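Comments concern the structure below.
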Amino acid sequence: MAAHKEDSDPDDILANEEELEKALCVLAGSDPENCSYSRGYVKRQAVFACNTCTPSAAEPAGVCLACANKCHDGHDIFELYTKRNFRCDCGNGKFGAFKCQLTPAKDQENIRNLYNHNFSGCYCTCDRPYPDTDDQTDDEMIQCVICEDWFHSRHLGCTVVEPEELQEMICEACMNKAPVLWTYAAHFAAPPGISVSHPEEEVEVDVEERTEKEEASESSQGSDEELSTTAEHTKQEEAPSRSSPCKRTHEEMTGSSEKATTEPVVCRLKELQAKGLERQRQGAVFWPYSWRSKLCTCTGCKRAYVAAEVQFLMDHSDTILAYENKGLDEPFGQHPLMALTSSMDRVQQLEVIYGFNELTTSLHAFLDQCAAEGKTVTVEAVHEFFAELRARKRRRTNAGNQ
Numbered sequence: 001m002a003a004h005k006e007d008s009d010p011d012d013i014l015a016n017e018e019e020l021e022k023a024l025c026v027l028a029g030s031d032p033e034n035c036s037y038s039r040g041y042v043k044r045q046a047v048f049a050c051n052t053c054t055p056s057a058a059e060p061a062g063v064c065l066a067c068a069n070k071c072h073d074g075h076d077i078f079e080l081y082t083k084r085n086f087r088c089d090c091g092n093g094k095f096g097a098f099k100c101q102l103t104p105a106k107d108q109e110n111i112r113n114l115y116n117h118n119f120s121g122c123y124c125t126c127d128r129p130y131p132d133t134d135d136q137t138d139d140e141m142i143q144c145v146i147c148e149d150w151f152h153s154r155h156l157g158c159t160v161v162e163p164e165e166l167q168e169m170i171c172e173a174c175m176n177k178a179p180v181l182w183t184y185a186a187h188f189a190a191p192p193g194i195s196v197s198h199p200e201e202e203v204e205v206d207v208e209e210r211t212e213k214e215e216a217s218e219s220s221q222g223s224d225e226e227l228s229t230t231a232e233h234t235k236q237e238e239a240p241s242r243s244s245p246c247k248r249t250h251e252e253m254t255g256s257s258e259k260a261t262t263e264p265v266v267c268r269l270k271e272l273q274a275k276g277l278e279r280q281r282q283g284a285v286f287w288p289y290s291w292r293s294k295l296c297t298c299t300g301c302k303r304a305y306v307a308a309e310v311q312f313l314m315d316h317s318d319t320i321l322a323y324e325n326k327g328l329d330e331p332f333g334q335h336p337l338m339a340l341t342s343s344m345d346r347v348q349q350l351e352v353i354y355g356f357n358e359l360t361t362s363l364h365a366f367l368d369q370c371a372a373e374g375k376t377v378t379v380e381a382v383h384e385f386f387a388e389l390r391a392r393k394r395r396r397t398n399a400g401n402q
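Take the sequence shown: its position 346, counting from 1, is numbered 346 in this note's numbering, and each next residue is one higher.
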C-alpha cells in the first residue's frame, strides 16, 4: 500500500474522497430499510429502475432505495439519482405477479408519478444510455432541476466551463416551458459562455454593472415604458411545452428568509421587466446559489408557477444540496464508510479511501471484461476475483516490508 501511495497523486485521492462522499450523499437522504410507499409522494428521494422486472419495453417504473436493496437484490438495477414527489412502484400493477416484500399492499398505479426516458436507461436530447460504450467523448452529464433529465454538456446549447462548480441548471426546453424565468436569467443567472467557477460573486458584480448601465440608458432616453406581469404570464400560457466540493450551509443556500418575509408585497418580476434587460432565449441556463430566493412570490407569479408546473422552485428545500445536507444530518444517513473514516487521522483516511477506490476500479474492470467477453458473472468468478485481489494485496504488503 505504501509503495502505491507514493505513486499516487494526493489531489486525485482527495478528489476520489469527494466523489465518494457525493455518491453517498445521494443515498444518505433515503431510508435503506423501509419502503417509502407509506410516506406517500416523497418530496425527494433516491430512485432506481429494475431492468429485470420492468425492461425498457414495459411501462416505466421506479423503486425506492429499500426496495432496490431488499426486493430486487441480484436484479439488473440502475440508479436514477433523485426524483421529486415520487412514490415507490415496487410490486404494483406494473410488476405483474411480482410483489413488494416490504409493503405488499399497494395501489395498482401511482398516478402522480412522473416518468421520462431515464427509466428506460436513456438520457439527454441524444437519447443515449449512460455509460455509453459507443461514445468515446469524455463529457460531463448535468441534471436539469425542472425535468430532472440528464444532459451531456455538449448538448446544452451553450458553452459550459467547470460544470461541477455549478449549483443548478435548467435546460432550454424547461426555460421555454416557464418563459418568465428568462427575465430572471437576464439579471441573476450566470452569463452564457464565460467561466462560472464562482457564480454568485461573478453574477452579482455583472448584474450591478449591467443594471447601472441600463438605468443610465433609460434616464437619458426618458423612457417610461413598463412591461406588465400579466402580459408575461399570457406569453407563458401560450409558450410551447417541451455541486460544489465545499458544502454550503442552509442559510447560504437558501438566502435570508427574514428578508423575504419583511419585503413589501410588490411584484419583483414587474420591476425587473421594467428595467428592460434582455437575454438571448437560447441554450441551458446555469444559476448560482440562492437564485430561488430572487423569484417573486406575489399572488400573480405564484399562479404562473403553478400553471407552468414549476411551483417547487419556490421551495428552497427542494434542491439537491438541501436533500444531501438533510440526509447527512440524520442518524441513518451516515454511510458506514464515512462513519469509519470520521474517527481516523488524515493518513488513515487516505489509506481507506485509496483502498476503496482501488476496489471499485478493479471491480468495474472485472465486470467490463466479463461483458466484453460475453461471460456470465458466476459466483465462482466473483470468488476468484476477490482471491486475486487479496493475493495482490499480500504481494504489495510483502514488497513494502522488505
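We put the CB at the ideal spot given by N, CA and C, even for glycine.
All of these numbers come straight from a predicted model, not from anything done at the bench.
For Ile170 and Ala190, the rounded distance between their alpha carbons
12 Å
Measure how close the beta-carbons of His75 and Cys35 come, nearest whole angstrom, since I'm counting them as under 8 Å.
Between Cys35 and His75 the Cβ distance is about 16 Å, and since that is not below 8 Å, they are no contact.
Where do the ends of the alpha helix (DSSP H) carrying Leu65 lie?
65 to 70
So Leu102 packs on Cys144, CB below 8 Å; how close in whole Å?
So it is not a contact: roughly 31 Å between Cβ atoms.
Which residue wins for smallest C-alpha separation from Pro314, given the options Ala381, Lys294, Tyr323?
This sequence places Met at residue 314; Pro is not what is there. Checked all of Ala381, Lys294, Tyr323; the closest Cα to Met314 is Lys294.
Report all residues from its chain with a CB closer than 7 Å to the CB of Val265; omit the five preceding and five following residues, and keep chain order.
Cys298
Given this structure, state the Cα-to-Cα distance separating Ala260 from Arg292, to the nearest angstrom.
With a pLDDT of 49 at Ala260, under the threshold of 50, the modelled position of this residue cannot be trusted; read the value that follows with caution. In a straight line, the C-alpha of Ala260 is about 11 Å away from that of Arg292.
Work out the CA separation of Pro192 and Phe286 for me, nearest whole Å.
8 Å
Hey, which unbroken runs of the beta strand (DSSP E) at 3 residues or more fall wholly within the region 77 to 131?
77 to 86
Contact between the region 27 to 44 and the region 101 to 118 is defined here as three or more beta-carbon pairs at a separation below 8 Å; is this criterion met?
yes
Taking all protein chains shown into account, do 16 or more other C-beta atoms lie within 10 angstroms of the C-beta of Arg84, making it buried, or fewer, making it exposed?
buried
With burial defined as no fewer than 16 other Cβ atoms inside 10 Å of the residue's Cβ, what is the status of Ser56: buried or exposed?
exposed
Cα-Cα separation between Ile146 and Gln273, rounded to whole angstroms:
23 Å
Among Gly93, His316, Arg390, Leu367, which has the Cα closest to the Cα of Ala381?
Leu367
Contacting residues, own chain, Cβ-Cβ under 7 Å from Glu384 (five flanking each side not counted):
none
Within 10 Å of its beta-carbon, does Glu375 have 16 or more other beta-carbons around it, so buried, or fewer, so exposed?
Just to set this straight, residue 375 is Lys in the shown sequence, not Glu. Exposed: under 16 other Cβ atoms inside 10 Å.
What number of angstroms, rounded off, separates the C-alpha of Ile77 from the C-alpha of Ser120?
11 Å
His155 and Thr125 look like a contact to me (Cβ under 8 Å); what is the Cβ gap, rounded to whole Å?
5 Å
Close Cβ partners of Gly62 (< 8 Å) along its chain, the five nearest in sequence each way excluded
Val47, Phe48, Ala49, Leu80, Lys83, Phe86, Cys88, Asp89, Asn113, Tyr115, Phe119
Beta-bridge partners of His152, as assigned by DSSP
Met141
Report yes or no: is there a C-beta of chain D within less than 8 Å of the C-beta of His187?
Within the model displayed, chain D is absent; a lone protein chain is all it includes.
Sort out for me which residues DSSP pairs Trp182 with in a bridge.
The partner list for Trp182 (beta bridge, DSSP) is empty, contrary to what the question assumes.
Alpha carbon to alpha carbon, how far is Leu389 from Leu363?
10 Å
Separation of Gln282 from Thr361, as counted between CA atoms:
39 Å
Could you spell out where the beta strand (DSSP E) holding Met175 opens and where it closes?
Unbroken run through Met175 is the alpha helix (DSSP H), 172 to 177; no beta strand (DSSP E).
Can you tell me where the alpha helix (DSSP H) with Arg39 in it begins and where it stops?
Neither: Arg39 is in no alpha helix (DSSP H) and is coded neither H nor E.
Take the Cβ of Thr378 as the centre, count every other Cβ of all protein chains shown within 10 Å, and call the residue buried at 16 or more, exposed below.
exposed
Ignoring anything shorter than 4 residues, give me the alpha helix (DSSP H) runs that lie fully in the region 285 to 335, in order along the chain.
299 to 307, 320 to 329
Roughly how many whole angstroms lie between the Cα atoms of Glu309 and Glu172?
16 Å
How would you write the range of the alpha helix (DSSP H) that Lys270 sits in, first residue to last?
268 to 274
Sort Glu271, Gly91, Tyr323, Leu321 by Cα distance to Tyr184 and report the nearest one.
Glu271
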